[in-house]
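For reference, the structure discussed in these notes is given below.
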Amino acid sequence: MKHAASFTRKDLEIDSMNSIYEMDYQVGSRDFAAAGDASRSIKRTLQQIGVDTSVVRRIAIASYEAEMNIAIHSKGGKMCLSVNSDKVVVSTEDFGPGIENVELAMTEGWSTATAEIREMGFGAGMGLPNMKKCADEFFIESKISEGTKIKMIFKL
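For the sequence shown, the positions run 1 to 156 when the UniProt record's numbering is used.
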């Protein structure tokens with residue numbers, strides 16, 4: 001599983017030419033009433049098209065973590081779902097502060113969440129590590145003052 005600087009720009013691209021199904025979802029900043037809607041929609045879609053239950057579970061966990069990170073840490077962003085015959089790709093792009101130290105952010109328990117976010121039950125520092133654990137391949141690119149891009153690949 002790749003993260004930090006061990007990938008190329010090509011790793012973050014989605015191969016839309018071979019997609020069976022594609023969908024984009026908008027995620028709002030601090031919109032906790034709607035947070036989780038995109039990942040629920042992804043889960044429902046994958047169930048409807050017959051993706052194996054164990055794969056759907058891993059994708060649901062990883063996509064929820066990604067969606068909550070966008071809602072908590074950024075000014076909003078988007079999630080993209082792409083399904084083809086041998087894999088599911090979930091990618092995200094947010095418009096936020098970026099991650100100063102990606103290696104540190106990949107450490108379980110490390111968090112920049114505010115006390116307010118922690119009081120709501122979020123910000124335990126498990127989002128990125130959980131995404132990486134659930135995905136078969138994980139790529140992350142973050143630029144300070146621009147935002148973060150994540151691509152997770154799940155083999156079918």
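Positions of the beta carbon are idealized from the N, C-alpha and C atoms, including for glycine.
Nonlocal neighbours in the same chain, by C-beta distance under 7 Å from residue i, ignoring five residues either side
{"i": "Ala105", "result": "Ile99, Leu128"}
{"i": "Ile61", "result": "Asn130, Cys134"}
{"i": "Ser19", "result": "Ser82, Val83, Asn84"}
{"i": "Val56", "result": "Lys43, Leu46, Gln47"}
{"i": "Gly96", "result": "His73, Ser74, Lys75, Gly147, Thr148"}
{"i": "Trp110", "result": "Leu104, Gly125"}
Extent of the continuous beta strand (DSSP E) to which residue i belongs
{"i": "Val51", "result": "Premise fails: Val51 is in no beta strand (DSSP E) and is neither H nor E."}
{"i": "Glu116", "result": "Where Glu116 is concerned, there is no enclosing beta strand (DSSP E), although the alpha helix (DSSP H) it sits in stretches over 115–119."}
{"i": "Leu81", "result": "77–83"}
First through last residue of the alpha helix (DSSP H) which encompasses residue i
{"i": "Gly127", "result": "127–134"}
{"i": "Ala124", "result": "Premise fails: Ala124 is in no alpha helix (DSSP H) and is neither H nor E."}
Proximity winner among the options, relative to residue i (alpha-carbon distances)
{"i": "Val90", "options": "Lys43, Met68, Ser63", "result": "Ser63"}
{"i": "Ile151", "options": "Ser29, Arg30, Met79", "result": "The identity of residue 151 in the sequence shown is Lys, whereas the question assumes Ile. If we check each option's Cα against that of Lys151, Met79 comes out closest."}
{"i": "Asp52", "options": "Met120, Val88, Asp94", "result": "Val88"}
{"i": "Val27", "options": "Ala115, Glu65, Ile153", "result": "Glu65"}
Whether residue i touches residue j by CB criterion (9 Å)
{"i": "Ile70", "j": "Thr92", "result": "yes"}
{"i": "Ser41", "j": "Met23", "result": "yes"}
{"i": "Gly125", "j": "Glu108", "result": "yes"}
{"i": "Ile49", "j": "Tyr25", "result": "no"}
{"i": "Lys132", "j": "Asp86", "result": "no"}
For residue i, the residue or residues it bridges with in DSSP
{"i": "Ile153", "result": "Val89, Glu137"}
{"i": "Tyr21", "result": "Val83"}
{"i": "Thr148", "result": "Ser142"}
{"i": "Val102", "result": "In DSSP, Val102 forms no bridge with anything."}
{"i": "Asp94", "result": "Gly77"}
Proximal residues to residue i (C-beta, below 6 Å), its chain only, five neighbours per side dropped
{"i": "Ser142", "result": "Gly98, Ile99, Val102, Thr148"}
Spatial neighbours of residue i in its chain, beta-carbon cut-off 8 Å, leaving aside the 5 residues before and after
{"i": "Lys2", "result": "Here Lys2 scores only 39 on pLDDT, less than 50, and its place in the model should not be relied on; the value that follows carries that caveat. Same-chain partners within the cutoff: Asp11, Glu137, Phe138, Phe139."}
{"i": "Ile72", "result": "Arg30, Ala113, Ile117, Phe122, Gly123"}
{"i": "Met120", "result": "Phe32"}
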